[in-house]
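1 is the number of the first residue of the sequence shown in full-length UniProt numbering; add one for each residue after it. First up is the structure itself, then whatever we jot down about it.
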Amino acid sequence: MSATPAAAQRIGVFGGAFDPPHWAHRALAETALAQLALDALLILPTGHAWHKSRALTPAPHRLAMCRLAFDGLERVHIDARETRRPGPSYTADTLQELAAEHPGAQLFLVLGADQLLAFQSWQRWQEVLRHATLAVANRPLHADGRVADGPVAEPDLSGIDLPFEHLQMPLHPISATAVRARVRGAAGGGQGGSGGLNEFSTAQPALDLLVPAAVARYISDHHLYHQPE
Ligand code: ATP
């Protein structure tokens, strides 16, 4: 997970809150690496998420969990630049920097279907399209576009009037919101159970089904996500 090779020609850019990173993020990274034949895939935890209403977990924790969640994937680099940039994190700024650092490279912006639906609300989204090709994985969504954590029919992205490449990946009914709720439930005896993180629960899936074991351990060791949001 060292610096991006200067000669990389096909570079994937995968941004997100990663609060925490979960199995679907890792599956999306693996799919993008293979399907887009990437020389490098940058994982970019956001600094200030202008589009999320809750305060994010401090960046050092999210960066540490990303290192654990994407561990072992060749050509993946954790890139902290957005967490160091003052003010809101805008993808257009990041892509502009990357395009200048890698002249001639082809940039692919990797995202899930919920973000594709919201894309035209992003700051300077037209500029994003000039710098990068969108590469989109489908995701379980309700009919109104909200993320679903349970099984739903595969959302139909064919009517979306934006150019994008479709990443072929099975639907993963996982969200970071559900992970945090699972941890809170297990810690507080709420919906998820009555004891610690390893308590068996039938109400919500076991944490290890949602995040890699090393991330689950990190969450437990650092007492993350125990407080109500
Ligand atoms: P939260 O529940 O806190 O909103 P999240 O699970 O959506 O978080 P993010 O870190 O916001 O996770 O997502 C980063 C990127 O990963 C986004 O482009 C998002 O669409 C994509 N992504 C997240 N979960 C999935 C999933 N289950 N399937 C496909 N893409 C996903």
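Yeah, the Cβ is synthetic: ideal placement off N, Cα and C, and Gly gets one too.
1) Touching or not, the region 99 to 119 and the region 72 to 90, by the rule of three or more beta carbon pairs under 8 Å?
2) Give the straight-line distance between the Cα atoms of His131 and Ala186, rounded to the nearest whole angstrom.
3) Can you list the alpha helix (DSSP H) stretches of 4 or more residues lying completely in the region 45 to 81, in chain order?
4) Verify the contact flag: Phe164, CB atom, against every heavy atom of the ligand ATP, threshold strictly below 8 Å.
5) Helix, strand or coil for Ala137? Go by DSSP, reduced to three states.
6) Is the beta carbon of Gly88 less than 9 Å from the beta carbon of Ala49?
7) Under 9 Å, do Leu167 and Val183 count as touching if we go by C-beta distance?
8) Are Ala27 and Pro205 touching if we call contact CB-CB under 9 Å?
9) Between the alpha carbons of Val215 and Phe164, how many angstroms are there, rounded?
10) Grab me the residues of Ile11's own chain with a C-beta within less than 8 Å of its C-beta, minus the 5 sequence neighbours each way, in chain order.
11) Just to confirm, is the Cβ distance from Met65 to Ile219 under 9 Å?
12) Following the continuous alpha helix (DSSP H) through Glu30, name the residue where it begins and the one where it ends.
13) Rounded C-beta distance between Ala29 and Leu95? I'm assuming under 8 Å.
14) Can you determine whether any heavy atom of the ligand ATP sits closer than 8 Å to the C-beta of Arg139, and answer yes or no?
15) So, helix, strand or coil for Phe18, using DSSP?
16) Cβ atoms of Asp19 and Arg62: under 9 Å apart, would you say?
Taking the coordinates as given:
1) no
2) On the sequence shown, residue 131 is found 131 positions in, with the first residue counted as 1. On the sequence shown, residue 186 is found 186 positions in, with the first residue counted as 1. Each residue's Cα considered, the two are about 43 Å apart.
3) 59 to 69
4) In the sequence shown, residue 164 corresponds to position 164, counting from 1. Answer for Phe164: no, Cβ out of range of the ligand ATP.
5) For the purposes of this step, residue 137 is taken as residue 137 along the sequence shown, with counting starting at 1. Strand, per DSSP.
6) As a first step, residue 88 is located in the sequence shown; it is residue number 88 there, counting from the start. As a first step, residue 49 is located in the sequence shown; it is residue number 49 there, counting from the start. One detail in the question is off: residue 88 reads as Pro in this sequence, not Gly. Yes, they are a contact pair.
7) Residue numbering aside, residue 167 sits at position 167 when the sequence shown is read from its first letter. Residue numbering aside, residue 183 sits at position 183 when the sequence shown is read from its first letter. For Leu167 and Val183, no; Cβs fall outside 9 Å.
8) By one-based count along the sequence shown, residue 27 stands at place 27. By one-based count along the sequence shown, residue 205 stands at place 205. Cβ distance not < 9 Å, so Ala27 and Pro205 don't count as in contact.
9) Within the sequence shown, numbered from 1, the residue matching residue 215 stands at position 215. Within the sequence shown, numbered from 1, the residue matching residue 164 stands at position 164. Rounded to the nearest angstrom, the two C-alpha atoms are 31 Å apart.
10) One-based indexing of the sequence shown puts residue 11 at position 11. Only Thr4, Leu38, Asp39, Ala40, Leu41, Leu42, Leu98, His102, Ala105, Gln106, Leu107, Phe108 meet the Cβ criterion.
11) Numbered from its first residue, the sequence shown carries residue 65 at position 65. Numbered from its first residue, the sequence shown carries residue 219 at position 219. Contact flag set, yes.
12) Stepping through the sequence shown from its first residue, residue 30 is reached at position 30. From DSSP, the alpha helix (DSSP H) with Glu30 extends over 23 to 35.
13) The sequence position of residue 29 within the sequence shown is 29, counting from 1. The sequence position of residue 95 within the sequence shown is 95, counting from 1. Wrong, their Cβ atoms sit about 18 Å apart, outside the cutoff.
14) Against the sequence shown, residue 139 aligns to sequence position 139. Yes, the beta carbon of Arg139 sits closer than 8 Å to at least one heavy atom of the ligand ATP.
15) Within the sequence shown, residue 18 is the residue found at index 18, counting from 1. Here Phe18 sits in coil by DSSP.
16) In the sequence shown, residue 62 corresponds to position 62, counting from 1. In the sequence shown, residue 19 corresponds to position 19, counting from 1. A contact, by the Cβ cut-off of 9 Å.
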